[in-house]
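Q: Dropping the structure in here first, questions after.
So this is what it looks like as structure tokens:
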């Protein structure tokens, strides 16, 4: 049965980017849109014939004209391949599972189980808990009904699947009612829901501050519940229809990397879509749908984006989720364009290898591949430069050629190798920096980030002699320095540009650079200086001084495009067919 038997499509993306719209497309519209797409087959074939007939008339045209014609023809040829992959598919049934509905299920549970005076110290939590309890009871969502659903999920009791569906459907219907819990202040409600989601992943309970010590064994609580629901539905469908075992699901919206990892570990046929949309368009949607101000949209965005994952492992972290996606989709045009993109990627999932990778997909895969050469222990970044369709330079963030990267430097080295051979700073500061890096000396076989450690040394040095209270010192200790000039590494974009120079691969005027992250301020200035005309990047939140100042003030227009296409996690899974096309045609 393979790919025809089971499939899960997940969505992640920034606030108002289109995750819910994408999920509804698969659960409500896909059959209609698929039929419309396939019905264009004759028109596509006609366009292909017309293009081939025009070729002899263009023999004397310029190289640019010939290239443009080929690209236009390839668009029709690729379209025909997608149609071929989809034309035999019919009667698709996607069951939509909303992690927001799962979140509301837990809020109802905790509201019903907890007395009002024990809902916590947060005034908004008290109001939300009391409001949820009242709305739930008015709709017969008692604690017995909630517990019955939980028992059915955990025991995979298909006899109670209708009861489970009825409860989740009712909770979904009440979504707008719940938002009235804070005097219909959508901003306060959304921010409170973000905090409650974090609380659940942190403690397993919605109203965290009453439960004491933090424990991180509930990071996948929402994903686990969604998985129980998914398995119950699948068992019921397989029981009802012995002939057609197809069970397709669409899950929205993943907000924490642990939720994605939970699905990845359990389901091979899980594909995660990340949706990018320009901030201005997302703000407009937030204003229209939720009556939010631009400031409020930015605040929600900031909470969504996430902080340093290791310090806030339980929190929403869309930035990391997007980096884990299998397929990146841009939702900046019309709804029809967005839906057509989703349909094409669905065709690729159903028929791996039906089309070849685009230039952008191939070059971004290369950028991700070379990023793995980086010895940076903070994050690995890759960059590829192409011109006239050819790759002329690659780079990754790393120390210069005759230095050793942080991946291979231990704290032990600092303690045993003399300053002459392992310099850490000015001679007078060496011992102090050494003490900062080694710390208590208990973890000498750990790597260390020189930039972070040198920043800590400078911070502590600047505080010497100051009369600082213990509480202030604790705050100072939590402040992280992020000074780029103290990083030992060159950035990926810098290394790619330098490689072109060292190999005499030509000038970079009108070249394209592909980078796995949005260029920083240091790299932006170099990109502008060498004449690169286009940047394709993978980053859900491209807000930086580069984007706000350096690019806009530059007199020469430079094109900045978010990556759209299959990403590295599933590149070979989607572009490598199980059999050669010729063999597959002979067998099937």
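Residue numbers (this note's numbering): 18 to 605.
Backbone N, C-alpha and C fix where the C-beta goes; we use that ideal spot for every residue, glycine too.
1) Could you name the residues that DSSP lists as bridge partners for residue 400?
2) Helix, strand or coil: which one does DSSP assign to residue 337?
3) Can you tell me whether residue 107 is buried or exposed? The criterion is at least 16 other CB atoms within 10 Å of its CB, across all chains shown.
4) Sorted by chain position, which residues of the same chain lie with C-beta nearer than 6 Å to residue 398's C-beta, five sequence neighbours on each side aside?
5) Tell me the rounded alpha-carbon separation between residue 113 and residue 264.
6) Are residue 338 and residue 274 close, meaning C-beta to C-beta below 8 Å?
7) Taking Cβ positions, are residue 309 and residue 203 nearer each other than 8 Å?
8) If you check the beta carbons only, do residue 242 and residue 124 fall under 8 Å apart?
9) May I have the straight-line CA-CA distance separating residue 269 from residue 30, to the nearest angstrom?
10) By Cβ distance below 7 Å, which residues in the same chain neighbour residue 395 in space, the five residues on each side in sequence not counted?
11) Measuring alpha carbon to alpha carbon, tell me which of 537, 307, 573 ends up nearest residue 562.
12) Give a yes or no on contact between the region 544–563 and the region 348–361, applying the rule of three or more CB pairs nearer than 8 Å.
13) Between residue 48 and residue 84, what straight-line distance do the alpha-carbon atoms span, to the nearest angstrom?
14) How should residue 601 be labelled, buried or exposed, when 16 other C-beta atoms within 10 angstroms of its C-beta is the threshold for buried?
15) Report yes if the CB atom of residue 584 is closer than 8 Å to the CB atom of residue 342, and no otherwise.
16) May I ask you to report which of helix, strand or coil DSSP gives residue 228?
17) Is residue 25 near residue 266, with beta carbons less than 8 Å apart?
18) With DSSP run on the structure shown, which of helix, strand or coil describes residue 551?
19) Is DSSP giving residue 421 helix, strand or coil here?
20) If we require 3 or more residues per run, which beta strand (DSSP E) segments fall completely within the region 555–595?
21) Measuring only the C-alpha atoms, how far is residue 23 from residue 409?
22) Please classify residue 115: does DSSP put it in a helix, a strand, or coil?
23) Do you know offhand how far residue 477's Cα is from residue 421's?
24) Grab me the residues of residue 594's own chain with a C-beta within less than 6 Å of its C-beta, minus the 5 sequence neighbours each way, in chain order.
25) Find the nearest neighbour of residue 365 within the set 143, 519, 286, judged by alpha-carbon distance.
26) Identify, in the order they occur along the chain, each residue of the same chain with its Cβ nearer than 6 Å to the Cβ of residue 229, setting aside the five sequence neighbours on each side.
27) On a CA-only basis, which of 514, 248, 213 is nearest residue 171? Give me that one, please.
28) Go ahead and label residue 579 buried or exposed: buried means 16 or more other beta carbons lie within 10 angstroms of its beta carbon, across all protein chains shown.
29) By Cβ distance below 7 Å, which residues in the same chain neighbour residue 425 in space, the five residues on each side in sequence not counted?
30) According to DSSP, residue 267 sits in a beta bridge with which residue or residues?
31) Note down, in chain order, each residue of its chain lying with its Cβ closer than 8 Å to the Cβ of residue 306, except the 5 sequence neighbours on either side.
32) Straight-line CA distance for residue 381 to residue 586?
33) Which of helix, strand or coil does DSSP assign to residue 342?
34) Between 289, 468, 139, 516, which has its C-alpha nearest residue 402's C-alpha?
35) Return the residue from the list 437, 131, 292, 356 that minimises the CA-CA distance to residue 45.
A: Concretely, from the data shown:
1) Partner(s): 412, 532.
2) The three-state secondary structure of residue 337, taken from DSSP, is helix.
3) Exposed is the call here.
4) Within the same chain, 388, 414, 509, 533, 534 come within 6 Å of residue 398 by CB-CB distance, once the 5 residues on both sides are set aside.
5) Distance between the alpha carbons of residue 113 and residue 264 is about 11 Å.
6) The answer is yes: Cβ separation under 8 Å.
7) Contact check for residue 309 against residue 203 passes: the beta carbons are separated by less than 8 Å.
8) Against a cut-off of 8 Å, the Cβ pair of residue 124 and residue 242 comes out as no contact.
9) Roughly 10 Å between the two C-alpha positions.
10) Taking C-beta separations shorter than 7 Å and ignoring five residues to either side along the sequence, the partners of residue 395 in its chain run 466, following chain order.
11) Comparing C-alpha distances from residue 562 to each of 537, 307, 573 shows the shortest one belongs to 537.
12) Touching, no, given that fewer than three Cβ pairs across the two stretches are closer than 8 Å.
13) Roughly 36 Å between the two C-alpha positions.
14) Exposed, because fewer than 16 other Cβ atoms sit within 10 Å of the Cβ of residue 601.
15) Residue 584 places its beta carbon less than 8 Å from that of residue 342.
16) Legend: pLDDT at residue 228 = 47, less than 50; position of this residue unreliable, no value from coordinates given.
17) Taking 8 Å as the Cβ cut-off, residue 25 and residue 266 qualify as a contacting pair.
18) When DSSP states are grouped into helix, strand and coil, residue 551 belongs to the strand group.
19) In the structure shown, the three-state DSSP call for residue 421 is coil.
20) Taking only runs of at least 3 residues, the beta strand (DSSP E) segments lying wholly in the region 555–595 are 576–579.
21) When rounded, the separation of the alpha-carbon atoms in residue 23 and residue 409 is 42 Å.
22) Here residue 115 carries a strand assignment [DSSP, helix/strand/coil].
23) Using only the alpha carbons, I get a separation of about 27 Å.
24) Excluding residues within five positions, the ones whose Cβ falls inside 6 Å are 369, 370.
25) For residue 365, the closest alpha carbon among the candidates 143, 519, 286 is that of 286.
26) Note that residue 229 scores a pLDDT of 47, beneath 50, so its modelled location is shaky and nothing firm can be said.
27) Comparing Cα positions, the closest option is 248.
28) Here residue 579 is buried, its C-beta having at least 16 other C-beta atoms within 10 Å.
29) Result list for residue 425: 392, in chain order.
30) Looking at the DSSP assignment, residue 267 forms a beta bridge with 26, 113.
31) Once the five neighbours on either side are set aside, the close Cβ partners of residue 306 are 33.
32) For residue 381 and residue 586, the distance between alpha carbons rounds to 12 Å.
33) In this structure, residue 342 counts as coil in the three-state DSSP scheme.
34) If we check each option's Cα against that of residue 402, 516 comes out closest.
35) Taking only the C-alpha atoms, the option nearest residue 45 is 356.
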